[in-house]
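Input: a single structure, listed below in structure tokens.
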Amino acid sequence: PSSTQLCLHCIFATSSGNPAAGDTMSPLVLLLSCVVCLLVNPRLSTAFAPAPKLKLRRSLHSFHGRIRYYAGESQLWSSSEAVNGDILISGLDKKELSSLSNNHTDEIIADTDLLANTQQPQTTESLLQTQEEEEAKPSFPLVLWRFTRPHTLIGSALAIPSIFLLAAPTYNSFFTTRAFVALAYAAVPSLLMNLYITGLNQITDVEIDKINKPNLPIAKGDLKKSTAIGVVLAAVVVSLIMSVCNPVFSTSGLQVALWGSFVLGTVYSLPPFRLKRHPLLAALCIVAVRGFIINAGFYSHALSAAFGAKKGAAAGVGVLHCLLNDWKCASSSLFFGVFGIVIALMKDVPDAHGDRIFDIKSFTVRIGQKRIFRTMKNLLVALFGVAGGALLKWATMSPTLGATTRRGLTGLGCMLAGYFTHKEAKDVDPEDSGEVYDYYMQLWKLFYLSYLALPLVK
77 PSSTQLCLHC IFATSSGNPA AGDTMSPLVL LLSCVVCLLV NPRLSTAFAP
127 APKLKLRRSL HSFHGRIRYY AGESQLWSSS EAVNGDILIS GLDKKELSSL
177 SNNHTDEIIA DTDLLANTQQ PQTTESLLQT QEEEEAKPSF PLVLWRFTRP
227 HTLIGSALAI PSIFLLAAPT YNSFFTTRAF VALAYAAVPS LLMNLYITGL
277 NQITDVEIDK INKPNLPIAK GDLKKSTAIG VVLAAVVVSL IMSVCNPVFS
327 TSGLQVALWG SFVLGTVYSL PPFRLKRHPL LAALCIVAVR GFIINAGFYS
377 HALSAAFGAK KGAAAGVGVL HCLLNDWKCA SSSLFFGVFG IVIALMKDVP
427 DAHGDRIFDI KSFTVRIGQK RIFRTMKNLL VALFGVAGGA LLKWATMSPT
477 LGATTRRGLT GLGCMLAGYF THKEAKDVDP EDSGEVYDYY MQLWKLFYLS
527 YLALPLVK
């Protein structure tokens, strides 16, 4: 049977309780098997591939060339004589293709960036240039580092030790062998999961990235798609195994953080779910992971694995218990949840061009780049203002000079961050993708600083 039939059989068996197939499979294991199936099977992975949004209009001059459709390709090009030569179309809807085949007086209108690659006869000079480019390709470790989307990897690497320090009963209790081992055991699978999520997004967005982010490794041609698939599969398998294999450090908090990130990261990018096509669900995915799953999950893990709380004790170190009963966990989750909203929506502003072509209905496409940019900027300024004001007031009520100093300085830092966010936005044109992307990366630096300052407020 085909891979599609196997997937459908497995899902049907699980839902119907067929003991011969899926009855013993948990839903999460089933999802993982479907991820592997969709990634490694080229037919399934391309069946849901996004297609460029093309418009057809009547042309004043009919052309006499042939129209050819190549499945699996998505780049548009024309020969040097576009009117009388063959026109290669990829990602075109079959109904549109059929109408073109029957009516040769239609003109294909697409974005000029997609039509920019014109096939020309290769000369000796162009062949030498191609050879030089092949020799100048960066090394695999450097390509892999770019593939991880370093700004997100750094964010995860800073978040975990900061959350551990926040959860520690005292600062001294953080500097113990048990705490460092628990921290390392959480950091390794979480960074691998980060690689899986960002890598999966690149694998499923190759054609969009050729427009929005052409310097990413797969879009640029520095990394083969098959190699990328192998990397993300290895990363997610090792990460999920680590979440369950150790009786001491595989805590419920770590499992919530890793499995929650896996599920939401998968349905965000991978067809047929692909929640990124739905702006509200896409934003909720990023907010849930960056805000509540990471902060509450690793906070719970720190209490269970590093600081002596017994796993499953009545006193409670579960994720939900931490969110509802521990003000430090709840406050940090809320702060970074709101920050996650800003990151989730601001990242779509410079991608509006490609999203329109591939019919990704982000909030930016629906509402406009200017409104989303200004709204997210104002939301972040308000977040820093509220947090800074609360910390300054709290500092005046602190019982010790050390706590007053730490909280007061952190509050002033929040105020400065809000001022910086507002000031830098004045010179940014929301419709200039380059300027917005630079501003967006500045917000990530504030995200890092926020995690570095987090332990100071305990």
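Letter by letter, the sequence shown follows residues 77 to 534 in the working numbering.
All C-beta atoms, glycine included, are put in the ideal place defined by N, C-alpha and C.
Asked                                                                                                          : Found
Helix, strand or coil at Thr451 [DSSP, three-state]                                                            : helix
Neighbour-count burial assignment, Cys490, 16 or more Cβ in a 10 Å radius                                      : buried
Distance between Asn322 and Arg225 (C-alpha atoms, nearest Å)                                                  : 29 Å
Assigned exposure category for Asp99 - 16 Cβ within 10 Å defines buried                                        : For Asp99, the predicted model reports a pLDDT of 49, less than 50, meaning its position is unreliable; a value from the coordinates is still stated below. By the 10 Å Cβ count, Asp99 comes out exposed.
Neighbour-count burial assignment, Asp435, 16 or more Cβ in a 10 Å radius                                      : exposed
Proximal residues to Tyr247 (C-beta, below 6 Å), its chain only, five neighbours per side dropped              : none
Separation of Glu283 from Leu168, as counted between CA atoms                                                  : The predicted model places Leu168 with a pLDDT of 43, which falls under 50 and marks its position as unreliable; any figure quoted below should be read in that light. If you take the alpha carbons of Leu168 and Glu283, they lie about 13 Å apart.
Inter-stretch contact at 8 Å, needing at least 3 Cβ pairs: the region 523-531 / the region 226-240             : yes
Cβ-Cβ distance between Asn404 and Leu242 below 8 Å                                                             : According to the sequence provided, residue 404 is Lys. The question's Asn does not apply to it. Yes; because the gap between Cβ atoms is below 8 Å, this pair is in contact.
Residues near Ser474 in its chain [Cβ-Cβ closer than 8 Å; skip 5 each side]                                    : Thr480 and Arg483
Residue range of the alpha helix (DSSP H) that includes Pro237                                                 : Pro226 to Ala243
Option nearest Gly464 by Cα separation, candidates Phe449, Asn454 and Leu485                                   : Leu485
Val324 classed as buried or exposed, judged by whether at least 16 other C-beta atoms fall within 10 angstroms : exposed
Reduced DSSP category for Phe256 - H, G, I as helix; E, B as strand; rest coil                                 : helix
Closest by C-alpha distance to Ala262, when choosing among Gly297, Ile317, Asp281 and Pro217                   : Ile317
CA-to-CA distance, Thr303 to Val457, given in whole angstroms                                                  : 41 Å
Range of the contiguous alpha helix (DSSP H) that encloses Met318                                              : Lys301 to Cys321
Separation of Cys361 from Ser91, as counted between CA atoms                                                   : Annotation note: pLDDT 46 at Ser91 (below 50); position unreliable, no value reported.
Backbone secondary structure at His397 - three-state DSSP                                                      : helix
Element boundaries [alpha helix (DSSP H), containing Pro355]                                                   : Pro355 to Val363
Where the alpha helix (DSSP H) containing Gly341 begins and where it ends                                      : Ser328 to Ser345
Reduced DSSP category for Asp427 - H, G, I as helix; E, B as strand; rest coil                                 : coil
Whether Pro347 touches Thr280 by CB criterion (8 Å)                                                            : yes
Candidates Phe251, Phe374, Val257 and His227: closest to Lys521 by CA position                                 : His227
Limits of the unbroken alpha helix (DSSP H) element including Ser474                                           : Taken as a continuous stretch (DSSP letters only), Ser474 belongs to no alpha helix (DSSP H), as it is neither H nor E.
Closest Cα partner of Gly538 within the set Val343, Val363, Ala258 and Leu259                                  : Look at the range of the chain in this structure, 77 to 534, and you will see that residue 538 is not part of it.
Span separating the alpha-carbon of Val314 from that of Val307                                                 : 11 Å
Three-state secondary structure (DSSP) of Asn291                                                               : coil
contact_flag[the region 251-259, the region 368-384] where n(CB pairs < 8 Å) is 3 or more                      : yes
Simplified DSSP state of Pro506, which is helix, strand or coil                                                : coil
Reference Leu455, options Phe411, Leu467, Pro217 and Arg432, closest by Cα                                     : Phe411
Lys521 (DSSP reduced to helix, strand or coil)                                                                 : helix
Backbone secondary structure at Arg432 - three-state DSSP                                                      : helix
Spatially closest choice to Ser438 from Val343, Val425 and Ser509, by CA coordinates                           : Val425
Beta-carbon proximity list for Gly478, same chain, < 8 Å, skipping 5 on both sides                             : none
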